[in-house]
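In the working numbering, the protein residues as written are 41 to 400. Heads up, the beta-carbon is just placed ideally off N, CA and C, and yes, glycines get one too. Because the structure is a prediction, the values reported are computed rather than measured.
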Amino acid sequence: MKTKKETETLAVCPVCGKKEKKFLFENTDRLHGIPGEFGLNQCMSCSAFYLSPRPTLKALPHYYPDDYVAYQINEQACVQSEAMRRSRNFLRNTILYEVYRYKDFGNEPRIRPSLIARPIAYLLFPLWKRSYYSLPKINFPKYVSRGKALDIGCGSGYYIWILRNLGWEVYGVEPSENAANKGREKFGLDIRTGTLFDHKFPDNYFHFITMTHVLEHIHNPVETMKEVKRILHPDGELIIRTPNMGSLGYKRFGKNWGPLETPRHLILYSYKSLSALSDLAGLQIRKLITVHEKVRLYWSLEYEEKAAKGTGDFGIKERYTLIQNLKANLIDAHESVLIGIGRNAGEELQAVLAKKGNLH
Ligand SMILES: [Zn+2]
Numbered sequence: 041m042k043t044k045k046e047t048e049t050l051a052v053c054p055v056c057g058k059k060e061k062k063f064l065f066e067n068t069d070r071l072h073g074i075p076g077e078f079g080l081n082q083c084m085s086c087s088a089f090y091l092s093p094r095p096t097l098k099a100l101p102h103y104y105p106d107d108y109v110a111y112q113i114n115e116q117a118c119v120q121s122e123a124m125r126r127s128r129n130f131l132r133n134t135i136l137y138e139v140y141r142y143k144d145f146g147n148e149p150r151i152r153p154s155l156i157a158r159p160i161a162y163l164l165f166p167l168w169k170r171s172y173y174s175l176p177k178i179n180f181p182k183y184v185s186r187g188k189a190l191d192i193g194c195g196s197g198y199y200i201w202i203l204r205n206l207g208w209e210v211y212g213v214e215p216s217e218n219a220a221n222k223g224r225e226k227f228g229l230d231i232r233t234g235t236l237f238d239h240k241f242p243d244n245y246f247h248f249i250t251m252t253h254v255l256e257h258i259h260n261p262v263e264t265m266k267e268v269k270r271i272l273h274p275d276g277e278l279i280i281r282t283p284n285m286g287s288l289g290y291k292r293f294g295k296n297w298g299p300l301e302t303p304r305h306l307i308l309y310s311y312k313s314l315s316a317l318s319d320l321a322g323l324q325i326r327k328l329i330t331v332h333e334k335v336r337l338y339w340s341l342e343y344e345e346k347a348a349k350g351t352g353d354f355g356i357k358e359r360y361t362l363i364q365n366l367k368a369n370l371i372d373a374h375e376s377v378l379i380g381i382g383r384n385a386g387e388e389l390q391a392v393l394a395k396k397g398n399l400h
């Protein structure tokens with residue numbers, strides 16, 4: 041059931057608690073056109089960007105339509121014939137065991153013995169990425185014996201379904217009851233609804249935790265990250281993926297930049313503010329890269345054109361003209377060059393974090 045729209049104004053930065061801020065601009069819901077005006081501010085201390093006024097926690101469901109993009113599960117990827125599945129798994133098991141040292145696959149059907157299997161596995165180089173379902177490398181965890189993984193904001197659980205196939209004991213947390221139900225019914229996954237705080241996982245429990253496109257939706261990031269730190273194993277890794285306010289895209293498009301996703305993105309980060317948040321929570325960034333995401337540029341171009349026309353249209357159409365394609369490709373290429381020379385200019389931040397003091 042949708043709740044009533046309600047907003048709250050923040051007196052201090054929701055990350056570092058400092059007062060001084062710079063008001064940037066008012067923005068509206070460009071994707072779904074739900075009425076309301078929200079201000080974007082930048083903290084002068086930690087440099088986090090935050091909405092104020094913003095939707096209250098209680099009113100937030102009002103701003104998430106049931107067809108919200110994150111809730112869709114990739115069902116196509118899970119359908120295949122039995123014979124196909126077996127031969128694919130035979131090769132997959134061999135590569136996972138021989139190349140990535142996923143020991144759990146030792147007892148599964150695979151090429152044996154290792155003396156023969158290992159050279160074959162290395163020759164199958166083009167299939168390496170497919171052996172871990174073509175996950176972005178950062179999302180493919182190193183092997184941990186009886187490893188436990190948690191995906192916070194898991195949607196229907198497609199990602200933890202993959203991790204389960206890779207031998208991980210998997211859990212998901214998801215605020216949408218609909219999305220969680222799909223994953224539970226279709227894949228028998230352990231997906232808990234509500235927030236992380238509702239489930240009280242044990243201390244030091246998870247070897248691998250992921251938060252993909254989650255942090256920007258969270259009202260209370262410091263509290264949440266402290267909870268993540270509590271349940272993260274001392275040798276565990278936390279992977280965060282979130283829009284990058286230091287990106288070329290934001291600099292180029294400003295208010296029309298697609299990933300602002302007002303009002304569902306409450307707080308947005310750059311490298312500086314993500315570091316400040318990690319520090320406050322007792323975590324540290326072990327590795328950070330930025331990645332380009334051309335699709336975000338298309339959204340931004342579309343928002344920019346609609347704003348110029350002043351029609352107040354919302355939504356994205358996903359079909360583009362030659363000029364739009366050319367523009368998006370040019371900005372994307374520029375972004376790739378900047379990333380190539382070591383600038384954090386990509387559309388998204390991808391960070392690997394660990395508990396403080398643990399650097400191995
Ligand atoms: Zn701050």
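Item, Value
"Between which two residues does the alpha helix (DSSP H) containing H374 stretch?", "362–380"
"F241 and E277 - do their beta-carbons sit closer together than 8 Å?", "no"
"Whose C-alpha, out of T361, I280, D238, is nearest the C-alpha of L314?", "I280"
"Which two residues bound the contiguous alpha helix (DSSP H) that contains N67?", "No alpha helix (DSSP H) holds N67; the beta strand (DSSP E) holding it covers 61–67."
"Using the C-alpha atoms, what's the distance from E387 back to L370?", "14 Å"
"Considering only heavy atoms of ligand 1, does any lie closer than 7 Å to the CB of A88?", "yes"
"Could you check the C-alpha separation between G268 and A348 for me, to the nearest Å?", "The amino acid occupying residue 268 in the given sequence is Val; Gly does not appear at that position. One C-alpha to the other measures close to 42 Å."
"Report the three-state DSSP secondary structure of K395 (helix, strand or coil).", "strand"
"Is it the case that the CB of S85 approaches a heavy atom of ligand 1 more closely than 7 Å?", "yes"
"Give a single yes or no on whether K312 has its beta carbon closer than 7 Å to a heavy atom of ligand 1.", "no"
"Which partner residues does C189 have in the DSSP bridge list?", "For clarity, residue 189 is Ala in the given sequence; the question names Cys instead. DSSP, once it has assigned bridges, lists V210, F248 as partnering A189."
"So what does K327 bridge to, in DSSP terms?", "V392"
"For Y90, which residues does DSSP report across the bridge?", "N81, I307"
"From the DSSP output, read off the bridge partner residues of L278.", "I249, L393"
"Would you check whether ligand 1 has a heavy atom nearer than 7 Å to the C-beta of C194?", "no"
"Is S310 closer than 8 Å to N284 when the C-beta atoms are compared?", "yes"
"Using DSSP with H/G/I as helix, E/B as strand and the rest coil, what is E217?", "helix"
"Closest by CA to L136, which one among I151, A123, E122?", "I151"
"Taking the alpha-carbon of A394 as reference, which of Q364, Y360, G76, I325 has the nearest alpha-carbon?", "I325"
"Which residues in the same chain have their Cβ closer than 6 Å to the Cβ of I356, if we skip the five residues on either side of it in sequence?", "W339, E342"
"Straight-line CA distance for E263 to R232?", "19 Å"
"Ligand 1 and V262: does the residue's C-beta get closer than 7 Å to at least one heavy atom of that ligand?", "no"
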